[in-house]
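A.B. asks:
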Amino acid sequence: MKKSTYLYIASLVTAGMMASCTSEVKESVPVTLNVSEKGAPVSPSMYGVFFEEINHAGDGGLYAELVQNRSFEEKEMPEGYFVEHGRLKPAPVPNHENGKVNHDASYKWNNEPVRAWSLQPADESIASMRLTKEQPMFESAPNNLEVSIHQADKPVQLINEGYWGMNIEKGKLYTLRVIIRKDAGYEGKVTAKILSKSGKVIGEANIRTGKSDEWYDDLKVFEPTESDNEARLALEFDAPGKVWLDYVSLFPPTFNARYNGMREDVAQYLADLKPAFFRWPGGCVVEGISLPNRFDWKKTLGDPASRPGEYSTWGYRCSYGMGYYEVLQYCEDIGAKMMFVCNVGLGCQYRMGDACSEEEIATYLDDCMDAIEYAIGDVNTEWGALRAKHGHVLPFPLQYVEIGNENWGAEYDRRFDIFYKAIKEKYPQLTLIYNDMTGLSNENRAIEKTDMIDPHWYVAPDFFYRNTTLFDTKQRGKWEVYVGEYACNQGVGGGNMNAALSEAAFISGMERNGDLVTMTSYAPLFENVNNREWPTNLIWIDTDQVMGRTSYHVQKMYAENRPTYNIYSSATILMPDSMVTAQDSIPQKFLASGYDEKTGEIIIKFVNASDKAQTIDFTLEGVANVLPEGRAITLQADDLGDENSMDNPNKIVPVEKPFKKFGQTFSYNFPKYSFTILRVKAEK
Ligand code: AHR
Numbered sequence: 179m180k181k182s183t184y185l186y187i188a189s190l191v192t193a194g195m196m197a198s199c200t201s202e203v204k205e206s207v208p209v210t211l212n213v214s215e216k217g218a219p220v221s222p223s224m225y226g227v228f229f230e231e232i233n234h235a236g237d238g239g240l241y242a243e244l245v246q247n248r249s250f251e252e253k254e255m256p257e258g259y260f261v262e263h264g265r266l267k268p269a270p271v272p273n274h275e276n277g278k279v280n281h282d283a284s285y286k287w288n289n290e291p292v293r294a295w296s297l298q299p300a301d302e303s304i305a306s307m308r309l310t311k312e313q314p315m316f317e318s319a320p321n322n323l324e325v326s327i328h329q330a331d332k333p334v335q336l337i338n339e340g341y342w343g344m345n346i347e348k349g350k351l352y353t354l355r356v357i358i359r360k361d362a363g364y365e366g367k368v369t370a371k372i373l374s375k376s377g378k379v380i381g382e383a384n385i386r387t388g389k390s391d392e393w394y395d396d397l398k399v400f401e402p403t404e405s406d407n408e409a410r411l412a413l414e415f416d417a418p419g420k421v422w423l424d425y426v427s428l429f430p431p432t433f434n435a436r437y438n439g440m441r442e443d444v445a446q447y448l449a450d451l452k453p454a455f456f457r458w459p460g461g462c463v464v465e466g467i468s469l470p471n472r473f474d475w476k477k478t479l480g481d482p483a484s485r486p487g488e489y490s491t492w493g494y495r496c497s498y499g500m501g502y503y504e505v506l507q508y509c510e511d512i513g514a515k516m517m518f519v520c521n522v523g524l525g526c527q528y529r530m531g532d533a534c535s536e537e538e539i540a541t542y543l544d545d546c547m548d549a550i551e552y553a554i555g556d557v558n559t560e561w562g563a564l565r566a567k568h569g570h571v572l573p574f575p576l577q578y579v580e581i582g583n584e585n586w587g588a589e590y591d592r593r594f595d596i597f598y599k600a601i602k603e604k605y606p607q608l609t610l611i612y613n614d615m616t617g618l619s620n621e622n623r624a625i626e627k628t629d630m631i632d633p634h635w636y637v638a639p640d641f642f643y644r645n646t647t648l649f650d651t652k653q654r655g656k657w658e659v660y661v662g663e664y665a666c667n668q669g670v671g672g673g674n675m676n677a678a679l680s681e682a683a684f685i686s687g688m689e690r691n692g693d694l695v696t697m698t699s700y701a702p703l704f705e706n707v708n709n710r711e712w713p714t715n716l717i718w719i720d721t722d723q724v725m726g727r728t729s730y731h732v733q734k735m736y737a738e739n740r741p742t743y744n745i746y747s748s749a750t751i752l753m754p755d756s757m758v759t760a761q762d763s764i765p766q767k768f769l770a771s772g773y774d775e776k777t778g779e780i781i782i783k784f785v786n787a788s789d790k791a792q793t794i795d796f797t798l799e800g801v802a803n804v805l806p807e808g809r810a811i812t813l814q815a816d817d818l819g820d821e822n823s824m825d826n827p828n829k830i831v832p833v834e835k836p837f838k839k840f841g842q843t844f845s846y847n848f849p850k851y852s853f854t855i856l857r858v859k860a861e862k
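Numbering (the numbering used here), first residue to last: 179 to 862.
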């Protein structure tokens, strides 16, 4: 392979030709691609997804549950935490690196008496409610709601607003589960009603209440009479007395018809990315604001009604409804490998930064080992047996374990070695990942060994445009790189075309360095549009809509057009020589090329972030025969600031067209503000 291949910066050839019918100057650039000069392979694991409970990504997002605060656990706080001036304050624990306590830390807290639930009429002399832990149905999720009906001249309704409304669709079956207890004084009926936005009853089911003072677990399946995307669920009481509710859940049909599963449209939209892996549960929730707030996978197992949930670190309670089992099942359903992220006994170092004691490290390690055993252990093991009991005898597709999330420092490094050794000894087939918080700038880590390292980048567009060659010179051989979180999220609105094109450019550099970078995942993955906690997120969700930002389409285009290996290209960044050395010059045009062995196609990717179209005169070498007809897939906007929105979700989407002028030499005109993929059938 010619040495210059991957850092070659082409000269811009100004042909100075006048276009026939316009006065534009046509500038074309010659580029040679050579299929017989193989570059780095592109790993099948390259494009995956990162999931975290942030922005209501799970509850009110991917998870299909329609009832918010269904288990009434929302007011629970991590151990030692308290509310001050309406904000959640963590217990004052010292940061393990500097010994200081972050007394200023405080987090969003919902101050409604019972989140998402209200009584109608809202008149305490008619009906009132309070949370109680008396006689819990499940010790693990002890809260229940006591509803006292003082007068019932007219029925009293307890209403759940859902996650900014509920999407109810005529023609679909809904499953309602209510765990209820009544006192001897309540002699009325309990009726569940689906109310449309205007208050019309569009679905109804009678709830059985069982014997007085005993919990009754009732399940009803019903079909609504009308559709409404802002519906609510009401439980109606028509007599005086007291009723307690432990759990109220309403499910639409789920993806792959899984019990306690994912929302169909969202799960399908994600599956359309064909993710090679699914990282879970985070993200900062892995560590928690401090350790008592960390994500606890064991509490996500079993009967959903028994799961306590946890404050999500991002300002609301995560129900734990979408638990470890459900995620593993989803991975299997969509053909993705699971990546589990464990806690090494360190709280989030950007927040409180506490560390568990030396003796407790073993507990965290055991917790991680149990998670692995639950996913892939034999049914004769303790946790493998539990998986089988939960319904899955065969192992799930767990392949990766990330040891810690965004941890750093000497203590992390020491703990990493302990975890790495123990996990590798028992499960040599797993790929283990180290957190790299230096953006690959530290090549000499103080750890004994790792399989992969995980740097993160949340940046402005210029960073990605300037850093497509970042990986070219990084050392090989010690580890592979998993870029576990990256996104252009600064100064790009909700996530515009400029963001997407800069990511496309950066990915071209990662793909070209496929011998080093073998896995990537954009982050964060989802937002419910009513609760954006993070500036830009890949997929937007509303009650009845799911929308991909332009960045989603870039991800999808890359995943669908992954070559087997790179091929020689005489240019990867197009820039006039005069600009190459200029400090402030930002490249705008990027080219990546590879060969797909399965289909026998050359795949050319071109990012044009400039305001002018760019013609390239291609010469294809190392091929015996090139078919004239192939495909061109283009994502293009009129302006770099353009973005998709819920009102205009298809403003910028990829358009695929046949192109009939491919040949051993051919020209292609790449439009301004575009990302284009050409697929050229070429026999070697
Ligand atoms: O993706 C959002 C957050 O960014 C993640 O929780 C964390 O790992 C990173 O800081």
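Ideal placement from N, C-alpha and C gives every residue a C-beta, glycine not left out.
Among Leu297, Met344, Glu312, Gln313, which has the Cα closest to the Cα of Val325?
C.D. replies: Sequence index remark: in the sequence shown, residue 325 carries index 147 (1-based). Ranking Leu297, Met344, Glu312, Gln313 by Cα distance to Val325 puts Leu297 first.
A.B. asks: Which class does Met516 belong to by DSSP, given the choice of helix, strand or coil?
C.D. replies: Residue 516 sits at position 338 when you count from the first residue of the sequence shown. Strand, per DSSP.
A.B. asks: So, is Glu658 buried or exposed, given that buried needs 16 or more other C-beta atoms within 10 angstroms?
C.D. replies: As a first step, residue 658 is located in the sequence shown; it is residue number 480 there, counting from the start. That one is buried.
A.B. asks: Using a Cβ-Cβ cut-off of 6 angstroms (strictly less than) and excluding sequence neighbours within five positions of Val261, which residues of its own chain qualify?
C.D. replies: As a first step, residue 261 is located in the sequence shown; it is residue number 83 there, counting from the start. Trp287.
A.B. asks: So if DSSP puts Thr854 in a beta bridge, which residue, or which two residues, is it bridged to?
C.D. replies: Taking the sequence shown and counting its residues from 1, the one referred to as residue 854 is at position 676. In DSSP, Thr854 forms a bridge with Phe784, Thr812.
A.B. asks: Over the uninterrupted alpha helix (DSSP H) stretch that includes Leu411, give me the two end residues.
C.D. replies: Counted from its first residue, the sequence shown places residue 411 at position 233. It is not in any alpha helix (DSSP H) - Leu411 instead sits in the beta strand (DSSP E) that spans 406–415.
A.B. asks: Considering just the uninterrupted stretch of the beta strand (DSSP E) at Phe455, what are its terminal residues?
C.D. replies: Along the sequence shown, one-based indexing puts residue 455 at 277. From DSSP, the beta strand (DSSP E) with Phe455 extends over 455–458.
A.B. asks: Terminal residues of the continuous alpha helix (DSSP H) containing Pro836?
C.D. replies: The residue labelled residue 836 in the question sits at position 658 within the sequence shown. Counting along the chain, Pro836 sits inside no alpha helix (DSSP H); it lies in the beta strand (DSSP E) bounded by residues 833–837.
A.B. asks: In this structure, does DSSP put Phe250 in helix, strand or coil?
C.D. replies: One-based indexing of the sequence shown puts residue 250 at position 72. In this structure, Phe250 counts as coil in the three-state DSSP scheme.
A.B. asks: Among residues of its own chain, excluding the 5 on either side of Gly587, which ones have a beta-carbon nearer than 6 angstroms to its beta-carbon?
C.D. replies: Taking the sequence shown and counting its residues from 1, the one referred to as residue 587 is at position 409. Taken in chain order, the residues that qualify are Glu275.
A.B. asks: Is the beta carbon of Ile327 sitting closer than 9 angstroms to the one on Tyr352?
C.D. replies: Locating residue 327 in the sequence shown gives position 149, where the first residue counts as 1. Locating residue 352 in the sequence shown gives position 174, where the first residue counts as 1. Taking 9 angstroms as the Cβ cut-off, Ile327 and Tyr352 do not qualify as a contacting pair.
A.B. asks: Any heavy atom of the ligand AHR closer than 8 angstroms to the CB of Ala701?
C.D. replies: Here residue 701 is taken as the residue at index 523 of the sequence shown, counted from 1. Under cutoff, so the answer is yes.
A.B. asks: Restricting to runs no shorter than 3 residues, where is the beta strand (DSSP E) found entirely within the region 703–738?
C.D. replies: Here the runs fully enclosed are 704–706, 717–720, 723–726.
A.B. asks: Please find out if some non-hydrogen atom of the ligand AHR comes closer than 8 angstroms to the beta-carbon of Arg327.
C.D. replies: Along the sequence shown, one-based indexing puts residue 327 at 149. Looking at the sequence provided, one finds Ile at residue 327 rather than Arg. No; taking the cut-off as 8 angstroms, the Cβ of Ile327 has no heavy atom of the ligand AHR nearer than that.
A.B. asks: If you count every other CB in all the chains shown that lies within 10 Å of the CB of Leu411, and 16 or more means buried, which is it?
C.D. replies: Within the sequence shown, the letter at position 233 stands for residue 411. Leu411 is buried by the Cβ-count criterion.
A.B. asks: Consult DSSP for Met675 and reduce its assignment to one of helix, strand or coil.
C.D. replies: On the sequence shown, residue 675 is found 497 positions in, with the first residue counted as 1. For Met675, the secondary structure class from DSSP, reduced to helix, strand or coil, is helix.
A.B. asks: How many whole angstroms separate the CB atoms of Ala787 and Tyr851, which I take to be in contact at a CB cut-off of 8 angstroms?
C.D. replies: Against the sequence shown, residue 787 aligns to sequence position 609. Against the sequence shown, residue 851 aligns to sequence position 673. The Cβ separation is near 7 angstroms, so the contact holds.
A.B. asks: What are the uninterrupted segments assigned as alpha helix (DSSP H) that are 4 or more residues long and contained completely in the region 630–698, given in chain order?
C.D. replies: 639–644, 675–690
A.B. asks: Starting from Ser581, trace the beta strand (DSSP E) both ways and give me its first and last residue.
C.D. replies: On the sequence shown, position 403 is the one that residue 581 refers to. The sequence shown places Ile at residue 581, rather than the Ser named in the question. Unbroken beta strand (DSSP E) run through Ile581: 576–581.
A.B. asks: Following the continuous alpha helix (DSSP H) through Lys599, name the residue where it begins and the one where it ends.
C.D. replies: As a first step, residue 599 is located in the sequence shown; it is residue number 421 there, counting from the start. Taken as a continuous stretch (DSSP letters only), the alpha helix (DSSP H) holding Lys599 covers 588–604.
A.B. asks: State yes or no: is the C-beta of Asn471 nearer than 8 angstroms to some heavy atom of the ligand AHR?
C.D. replies: Taking the sequence shown and counting its residues from 1, the one referred to as residue 471 is at position 293. Asn471: no, Cβ never under 8 angstroms from the ligand AHR.
A.B. asks: Express the C-alpha separation of Met824 and Gly726 in angstroms, rounding to a whole number.
C.D. replies: Taking the first residue of the sequence shown as position 1, residue 726 is located at position 548. Taking the first residue of the sequence shown as position 1, residue 824 is located at position 646. Taking the straight line from one Cα to the other gives about 9 angstroms.
A.B. asks: Between the beta-carbon of Ala145 and the beta-carbon of Tyr773, is there less than 9 angstroms?
C.D. replies: Outside the displayed span of the chain (179 to 862) sits residue 145, for which this structure offers no information.
A.B. asks: Give the secondary structure of Gln298 by DSSP, where H, G and I count as helix, E and B as strand, and everything else as coil.
C.D. replies: Locating residue 298 in the sequence shown gives position 120, counting from the first residue. Here Gln298 sits in strand by DSSP.
A.B. asks: Is DSSP giving Leu818 helix, strand or coil here?
C.D. replies: Residue 818 sits at position 640 when you count from the first residue of the sequence shown. Looking at Leu818 - three-state DSSP - the assignment turns out to be coil, as it is neither helix nor strand.
A.B. asks: Based on the DSSP output, what are the partners of Pro219 in its beta bridges?
C.D. replies: Along the sequence shown, read from residue 1 onward, the residue named residue 219 stands at position 41. Bridge pairing for Pro219: Tyr743 [DSSP].
A.B. asks: Are there any heavy atoms of the ligand AHR lying less than 8 angstroms away from the beta-carbon of Asn289, as far as the coordinates show?
C.D. replies: Taking the sequence shown and counting its residues from 1, the one referred to as residue 289 is at position 111. Every heavy atom of the ligand AHR is 8 angstroms or more from the Cβ of Asn289, so no.
A.B. asks: Straight-line CA distance for Met196 to Cys462?
C.D. replies: Here residue 196 refers to the residue found at position 18 of the sequence shown. Here residue 462 refers to the residue found at position 284 of the sequence shown. Only weak support exists for where Met196 lies, its pLDDT of 26 falling under 50; the coordinates are left without a value.
A.B. asks: From the DSSP secondary-structure annotation, give me the bridge partner or partners of Lys267.
C.D. replies: The residue you call residue 267 lines up with position 89 of the sequence shown. Paired residues: Phe260.
A.B. asks: Let's see if you can read the secondary structure: which residues bound the beta strand (DSSP E) around Tyr225?
C.D. replies: Translated into positions along the sequence shown, residue 225 becomes position 47. It spans 225–228 - the beta strand (DSSP E) in which Tyr225 sits, taken as one unbroken run.
A.B. asks: Look at the alpha carbon of Lys348 and the alpha carbon of Gly277, and state the distance between them as a whole number of angstroms.
C.D. replies: Start at 1 with the first residue of the sequence shown, and residue 348 comes out as number 170. Start at 1 with the first residue of the sequence shown, and residue 277 comes out as number 99. Roughly 58 angstroms between the two C-alpha positions.
A.B. asks: Assuming Tyr660 and Met697 are in contact, meaning their beta carbons sit under 8 angstroms apart, how far apart are those beta carbons, in whole angstroms?
C.D. replies: Your numbering for residue 660 matches position 482 in the sequence shown. Your numbering for residue 697 matches position 519 in the sequence shown. Their Cβ separation, rounded to whole angstroms, is 4 angstroms, which keeps Tyr660 and Met697 in contact under 8 angstroms.
A.B. asks: Helix or strand or just coil, what does DSSP make of Met440?
C.D. replies: Position 262 of the sequence shown, counted from the first residue, corresponds to residue 440. In the structure shown, Met440 sits in a strand (DSSP, three-state: E or B).
A.B. asks: With a threshold of 8 angstroms (Cβ to nearest heavy atom), would Asn709 be considered close to the ligand AHR?
C.D. replies: Taking the first residue of the sequence shown as position 1, residue 709 is located at position 531. No, the Cβ of Asn709 stays beyond 8 angstroms of every heavy atom of the ligand AHR.
A.B. asks: Tell me the residue span of the alpha helix (DSSP H) that contains Met547.
C.D. replies: Position 369 of the sequence shown holds residue 547. Met547 -> alpha helix (DSSP H) spans 539–554.
A.B. asks: In whole angstroms, what separates the C-alpha of Glu382 from that of Lys398?
C.D. replies: Position 204 of the sequence shown, counted from the start, is the residue given in the question as residue 382. Position 220 of the sequence shown, counted from the start, is the residue given in the question as residue 398. Taking the straight line joining both Cα atoms gives about 10 angstroms.
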